[in-house]
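I have placed the structure first, in the form of structure tokens, so that the comments after it can refer back to it.
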Amino acid sequence: MNLSLSLPMPRARYGMDVWLSLAAAILLTWGVVMVASASVAQAEKLTGQPFYFFYRQMLFIGLGFLAGFTMYCVPTRQWERSGFLLVGFAVFLLIVVLIPGIGVKVNSARRWIDLELFRLQASEPARLALILFLAGYITRRQAELQNGFRGLFKPIALLLIPCFLLLLEPDFGATVILLAVAFLMLFLGGARVVYFVTAGLLASGAVALLAVAEPYRLRRLLNFTDPWADVENGGWQLAQSLIAVGRGEWAGVGLGNSVQKLLYLPEMHTDFIFAILAEEFGLMGVLGLVLLFGVLVWRGFVIGREAEANGRLFQGCLCYGLASWLGLQALINMAVNMGMLPTKGLTLPLMSYGGSSLIMVCAMLGLILRVDYENRAQRAGEEPAVPTEHPTRETRETPARSRRKEPTTPWLAENGS
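Under the working numbering, the first residue of the sequence shown is numbered 3, with each subsequent residue one higher.
In structure tokens form, the structure reads like this:
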């Protein structure tokens with residue numbers, strides 16, 4: 003990828019999406035407050051410093067701002083040109099993390115690379131790289147994607163490689179998220195419904211088989227159906243999470259007054275921070291949280307739709323993929339905390355403690371805001387209406403005068419521009 007060492011500074015006069023920025027800022031602030039509240043007992047036990055995880059989370063926020071600002075400054079066409087390089091980077095990370103001595107093993111899963119400052123969860127940057135690749139693939143091969151099964155089969159076949167590596171860690175939750183976002187992007191990119199449904203059914207069957215193939219996954223499924231049957235062992239975490247959610251009632255017990263965070267609920271500041279939030283802020287806090295994530299997804303799709311309507315298909319698909327990732331991961335995390343899905347080991351974006359997740363989510367938001375910036379620049383007449391076309395087989399064989407300058411997906415055409 004040919005990136006300049008000196009990043010071009012976006013012009014401030016174009017502004018940025020207020021709703022997206024405000025929702026992200028509120029979630030980030032609320033998240034660091036919840037990390038401080040939820041982790042006090044755990045931090046005191048492990049380090050003797052009650053706010054150890056809070057200080058670490060503030061460091062991750064600083065790194066996240068740096069990552070987001072960097073992505074905001076890089077023109078999106080740079081990522082569009084680097085599809086296979088990004089796939090190679092993703093596969094490299096997922097292979098390296100499996101190597102003993104490099105990959106760090108925690109609770110029987112080898113998912114992290116120790117960077118001294120923090121542990122990098124390899125699946126996070128890998129998923130971002132794969133979404134960037136998929137957006138580029140849809141842009142280059144839209145006609146092929148719309149007209150036959152081959153266009154849908156090729157990216158799915160390529161995605162099976164990182165999915166296989168993710169399952170070796172094992173990281174079943176990240177695999178499910180990646181496949182779901184990929185299928186949604188391909189559908190919005192114009193994949194024919196009959197092929198899409200066929201591939202979706204095959205993928206669903208494979209996921210179901212994988213869910214029961216490993217004994218630990220089968221135990222999770224059984225504990226999910228009735229956590230109280232084995233509450234002292236496998237059902238303990240979900241049972242404590244349900245107790246926390248139930249204690250919150252309408253308005254919660256108040257910030258800092260959670261009982262379940264006092265070492266009753268494991269992973270209370272990471273995967274199960276939503277349960278502590280529900281306990282301290284109640285149903286009203288949960289509804290507010292859902293609303294904020296809804297705003298992020300809504301604005302991501304609005305920004306993407308504007309880009310696509312103006313002939314910038316890569317940017318549109320990119321926003322759809324990133325917004326879907328955010329919304330789907332938040333939805334699954336909340337469902338797990340409320341006992342509606344088996345435990346997956348997924349964090350709550352912008353809220354849970356953890357460097358990899360927070361930094362990658364900030365990078366994703368920086369990308370969406372970059373697309374919004376380019377939309378605004380295009381409205382002001384300072385960006386070309388359509389980026390340079392890739393020399394695909396379809397464009398090489400089609401006379402330049404007959405090419406459409408504003409490619410739109412069937413989904414966009416049916417709903418207006």
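C-beta: ideal position from N, C-alpha, C; glycine also.
Pairwise C-alpha distance: residue j and residue i
i                : j                 : result
alanine 253      : lysine 263        : 18 Å
asparagine 149   : threonine 200     : 15 Å
phenylalanine 86 : arginine 143      : 14 Å
serine 110       : threonine 227     : 23 Å
aspartate 116    : alanine 176       : 19 Å
arginine 372     : glycine 383       : 16 Å
threonine 394    : leucine 360       : Any answer about threonine 394 is weak, because its pLDDT of 41 lies below 50 and its placement is not dependable; what the coordinates show is given next. For threonine 394 and leucine 360, the distance between alpha carbons rounds to 36 Å.
glycine 191      : aspartate 173     : 27 Å
proline 229      : serine 39         : 26 Å
cysteine 364     : phenylalanine 198 : 31 Å
leucine 24       : glycine 356       : 22 Å
tryptophan 21    : leucine 168       : 34 Å
threonine 349    : aspartate 273     : 5 Å
glycine 202      : alanine 332       : 22 Å
isoleucine 163   : tryptophan 81     : 21 Å
alanine 26       : methionine 36     : 15 Å
phenylalanine 55 : methionine 187    : 36 Å
isoleucine 101   : asparagine 259    : 43 Å
valine 42        : phenylalanine 155 : 49 Å
alanine 45       : cysteine 165      : 34 Å
leucine 29       : asparagine 235    : 33 Å
leucine 369      : proline 127       : 13 Å
arginine 378     : leucine 147       : 29 Å
glycine 347      : leucine 180       : 14 Å
isoleucine 158   : alanine 92        : 15 Å
phenylalanine 53 : leucine 293       : 29 Å
leucine 204      : asparagine 335    : 25 Å
valine 178       : leucine 330       : 10 Å
Classification of residue i by the beta-carbon crowding that lies within 10 angstroms, buried from 16 upward
i              : result
alanine 210    : exposed
glycine 17     : exposed
threonine 31   : exposed
glutamate 376  : buried
serine 206     : exposed
methionine 60  : exposed
valine 183     : buried
methionine 342 : exposed
glutamate 308  : buried
glutamate 310  : buried
aspartate 19   : buried
alanine 277    : buried
arginine 112   : buried
arginine 381   : exposed
methionine 362 : buried
glutamate 118  : exposed
methionine 286 : exposed
glycine 103    : exposed
glutamine 51   : exposed
Backbone secondary structure at residue i - three-state DSSP
i             : result
leucine 160   : helix
proline 172   : coil
arginine 378  : helix
glycine 105   : strand
aspartate 19  : coil
glutamine 239 : helix
leucine 257   : coil
aspartate 228 : coil
threonine 397 : Model confidence at threonine 397 stands at a pLDDT of 41, short of 50, so the residue's coordinates are unreliable and nothing is read from them.
glycine 341   : coil
threonine 78  : helix
leucine 24    : helix
leucine 167   : helix
valine 233    : coil
leucine 147   : helix
glycine 368   : helix
arginine 249  : helix
glycine 202   : helix
alanine 184   : helix
glycine 333   : It is leucine, not glycine, that sits at residue 333 in the sequence shown. Reduced to three states, the DSSP call for leucine 333 is helix.
In chain order, which continuous runs of the alpha helix (DSSP H) of length 4 or greater are located wholly inside the segment 271 to 328?
Listed in chain order, the complete alpha helix (DSSP H) runs (minimum 4 residues) inside the segment 271 to 328 are 275 to 311.
Any chance the segment 239 to 249 sits against the segment 268 to 285, with 3 or more Cβ pairs inside 8 Å?
Result yes; three or more Cβ-Cβ pairs closer than 8 Å.
Cβ contact (3+ pairs, closer than 8 Å) linking the segment 315 to 327 and the segment 131 to 142
Between the segment 315 to 327 and the segment 131 to 142 there are three or more C-beta pairs closer than 8 Å, enough to call the two in contact.
Whole beta strand (DSSP E) elements within the segment 84 to 145, 3-residue minimum:
List check, beta strand (DSSP E) in window: 105 to 108, 111 to 116, 121 to 123.
Touching or not, the segment 324 to 338 and the segment 296 to 313, by the rule of three or more beta carbon pairs under 8 Å?
With a cut-off of 8 Å, the segment 296 to 313 and the segment 324 to 338 count as touching, because enough Cβ pairs lie within range.
Pair every Cβ in the segment 95 to 103 with every Cβ in the segment 45 to 61, then say whether three or more of these pairs are closer than 8 Å.
At 8 Å Cβ cutoff, the stretches do not touch.
With three or more C-beta pairs closer than 8 Å as the rule, is the segment 242 to 249 touching the segment 270 to 290?
Yes, the segment 270 to 290 is in contact with the segment 242 to 249.
What runs of the alpha helix (DSSP H), each 4 residues or longer, lie entirely inside the segment 31 to 75?
The DSSP assignment places 42 to 49, 54 to 75 as complete runs of the alpha helix (DSSP H) inside the segment 31 to 75, in order along the chain (cut-off: 4 residues).
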